[in-house]
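If you're matching positions, the sequence shown starts at 665 in the working numbering and goes up one per residue.
Here's the structure, in structure tokens; my notes come after.
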Amino acid sequence: MSRLQSAHESLSLTYNIIRLPCAYRFTTLFFIATPNILPNATANYTHMILPQPHSQHVSDVAIVGAGPGGLAAALILAASGASVDIYESQPAVGGRSRRLTLDGDEGQYHFDVGPTFFMMPYVLDEILASAGSKLSERVELQRLDPMYRLLLGRPDQSPITLDTTQDLRLMEQRLSAIEPHDGPAFLKFISDNRRKLQAMTPLLRSPIRSVLDLCSVDNMRAGAHLRPWQSLYEHLRGYFQNPHIRLALSFQSKYLGMSPFECPELFSILPFIEYEYGIWHPRGGCNAIMNAMREIAEELGVRFHFNSPVDKIEFEGRQAVGVRVNGALHRHKHVVINADASAAMKRMIPESLRGAWSDQSIDRKKYSCSTFMMYLGVDGEVELPHHTIYASRQYEQNLRDISSNGVLSEDPSMYVCNPSRLDDSMAPSGHSALYILVPTPNTQPGVNHVDWNSSSATLRERTLDQLETIFGVGDIRGRIRAEKHITPNDWAAEGIQYGATFNLAHTLGQMLHKRPQHKMRGVEGVWFVGGGTHPGSGLPVIFLSSQITARLLCAELGLNCALDTPSTRHSGMLQPWTSPTVNI
């Protein structure tokens, strides 16, 4: 090597180190100066854990919304060498996964506003690994046992109580105590869905842009495991005799905002995922994960703009050229939308550019249910496990009231999260922070017949009654020290189409290539992440959507995607993620 060439490479290396975020400069220089610490350190190690330095020709990326999908996409893109700005309307990260804090006389109560179940940690670990970090180093996760308690309502009888566990033999025994046939059937169900998820993994990790994408060899293999003519509940009839056990393994359709009588049978993988990979509590709530992602993003040089709602995306012809915030244009060559997909298209993109996604088409889509939320700061401890789910005594009627009749049920199903049982950071000492969710109709005209101005108080009283009589929380009204509600109208006011908190319904006509595309058709430079696009709703699936979009966008930018370095590349189904189990 000539002296001139050597000098040129040294200058180039110095220039690239200077352009790295400051958190990485010392690490890079340390391994260059002490190459014997790690074999081939200067050749390989920094490529594995450091972002590629920005170059002058890399296009900027604007991300609209600092929810889980936007944060995940930002990490991958920044680690791959892109320059990223996030515009968030709220004063903090999280979107629907943000934190709510209520003041009481004894101190503060903290709540996750939205998701409280955290599953499939390995998906997020892949994303953090691409950014040179580890989930276990950033967030304290505890595996729950029981995963959740089910209260399965029965007419004129007390509910069946079922504590679920990843101990499959113990779970078999518990189900056999309800119905002898169904315990062994549960083990077959788990085995069948292990193969099913293995076959479906390429489908969940790939963009589905048209029917042609479904015709790949991998996706055709998935088809052998699917019965699109069956609902989830009907599918479970082939395994389980007892209707309460069928319900215990199909209520998970509510994670998608759907009824198990309408939800496609392919979602039988949802209960399997719980039993295979567990349910986890991040200390500080799921928002602690969002904050950890923000910290990593900032280390990678991502710029956050809080209290900055995006009014619209600016176009020159069909090319996106930036976002307009509070009247000011911020120029970017690509815009990734992490807001509610349906509402964002209507608000941010001219109808003339949207093709099949006209206002009328968007408004006529089928949407998930909404939710009525109560956040209660309560004096004293509450003797409930971390998650407790009550299924109505009249479950089918309750579902019809939500999806068809558009009214409130007399005996609604509801979910209670009691995180302060194991996490003392969520409430003052000797107090509890109770999160309560009641599925309700969304606000879509012609579907909803609930006047929330008058019905909110009615449902509050009904919910408190159930807390006492069904969940066994005594004197709840006298113990409330802080309280906040969110109604479907409130969700809609946050920019969620019809207040449908789980986005577009996951019907066969609104899945795969029928959902908004990762790269929007008909325009250039507009992308989607989150529950509104493929694969759908739920934190781990949203993270998968971010991986898909980031890979496609990296390819368009001419960048090597950080997900595909040898240290972070996934290999099909990974082994179950390990962390301490907490019995509660």
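For each residue, glycine too, the CB sits at the ideal point set by N, CA and C.
Look up residue i in the DSSP assignment and say whether it is helix, strand or coil.
i, result
"Gln1181", "coil"
"Phe775", "strand"
"Arg885", "helix"
"Glu1047", "coil"
"Thr1229", "coil"
"Cys879", "helix"
"Phe1135", "coil"
"Glu836", "helix"
"Val1258", "Past the boundaries of the shown model lies residue 1258; the chain is included only from 665 to 1248, so the question cannot be answered."
"Tyr709", "Any reading at Tyr709 must be qualified, since the residue scores a pLDDT of 30, below 50, and its modelled position is unreliable; no value is offered."
"Leu1040", "strand"
"Ile1160", "coil"
"Phe904", "coil"
"Leu1086", "coil"
"Gln821", "strand"
"Tyr1254", "This structure cannot speak to residue 1254, because the chain is shown only from 665 to 1248."
"Leu677", "Residue placement at Leu677 cannot be trusted, given a pLDDT of 41 that sits under 50; what the coordinates show is reported in the next sentence. Helix, per DSSP."
"Pro685", "At Pro685 the pLDDT is 43, less than 50, meaning the model places this residue with poor confidence; the figure from the coordinates comes in the next sentence. If DSSP states are grouped into helix, strand and coil, Pro685 belongs with coil."
"Val728", "strand"
"Lys860", "helix"
"Leu1168", "strand"
"Asp975", "strand"
"Glu926", "coil"
"Thr692", "Low confidence applies here, because Thr692 scores a pLDDT of 39, under 50, leaving its location unreliable; read the following figure in that light. It is helical."
"Pro935", "helix"
"Asp1023", "helix"
"Leu1223", "coil"
Am I right that residue i and residue j are in contact with their C-beta atoms under 8 Å? What's the rounded C-beta distance?
i, j, result
"Ser914", "Leu900", "6 Å"
"Pro844", "Glu836", "Not confirmed; about 11 Å, so no contact."
"Pro732", "Ile1160", "Rounded, the Cβ-Cβ distance is 15 Å, inconsistent with contact."
"Arg1126", "Pro1076", "7 Å"
"Arg982", "Val1187", "5 Å"
"His1182", "Pro871", "5 Å"
"His1050", "Leu1086", "6 Å"
"Arg854", "Tyr939", "The residue you asked about is not Arg; residue 854 is Ile in the sequence shown. Yes, Ile854 and Tyr939 are in contact; Cβ-Cβ is about 6 Å, under 8 Å."
"Cys1225", "Ile740", "7 Å"
Residue i and residue j: beta carbons closer than 9 Å?
i, j, result
"Arg947", "Leu805", "yes"
"Asp776", "Cys950", "yes"
"Val728", "Ala738", "no"
"Phe1166", "Pro1180", "no"
"Thr1197", "Thr1213", "yes"
"Thr1133", "Ser1034", "no"
"Phe850", "Leu839", "yes"
"His1253", "Arg802", "Since the first residue of the chain shown is 665 and the last is 1248, residue 1253 is not available in this structure."
"Gly1041", "Tyr773", "yes"
"Ala1097", "Asp767", "no"
"Pro999", "Ala1020", "Looking at the sequence itself, residue 999 is Val, so the reference to Pro does not match. It is not a contact, given that the beta carbons lie outside the stated cut-off."
"Leu792", "Met954", "no"
"Gly734", "Gly1194", "yes"
"Met922", "Lys976", "no"
"Tyr903", "Lys860", "no"
"Ile937", "Met783", "yes"
"Glu790", "Leu1227", "yes"
"Val1080", "Leu1063", "no"
"Pro1105", "Met1078", "no"
"Arg869", "Gln1211", "yes"
"Asn1002", "Gly758", "no"
"Phe925", "Leu896", "yes"
According to DSSP, residue i sits in a beta bridge with which residue or residues?
i, result
"Trp944", "Phe782, Arg807"
"Tyr919", "The partner list for Tyr919 (beta bridge, DSSP) is empty, contrary to what the question assumes."
"Val662", "A query on residue 662 cannot be resolved here, the shown segment of the chain reaching from 665 to 1248 and no further."
Whose CA, out of the options, lies closest to the CA of residue i?
i, options, result
"Gly1189", "Gly986, Asp749, Ala746, Pro928", "Gly986"
"Arg1141", "Pro1076, Asp1043, Ser1077", "Asp1043"
"Gly1163", "Ala1020, Asp1087, Pro1109", "Pro1109"
"Glu770", "Gly1094, Gly1195, Ala1157, Leu1221", "Gly1094"
"Phe931", "Leu1221, Gly1200, Gln1211, Leu1216", "Gly1200"
"Leu816", "Arg858, Glu1060, Ser1084", "Glu1060"
"Ile842", "Asp827, Gly1173, Lys852", "Asp827"
"Arg858", "Tyr941, Leu964, Thr825", "Tyr941"
"Asp809", "Trp944, Leu1063, Leu934", "Trp944"
"Arg1143", "Gly965, Glu1045, Leu1017", "Glu1045"
"Gly1202", "Leu1123, Leu1168, Met1184", "Leu1168"
"Ile1026", "Met1038, Leu799, Ala1007", "Ala1007"
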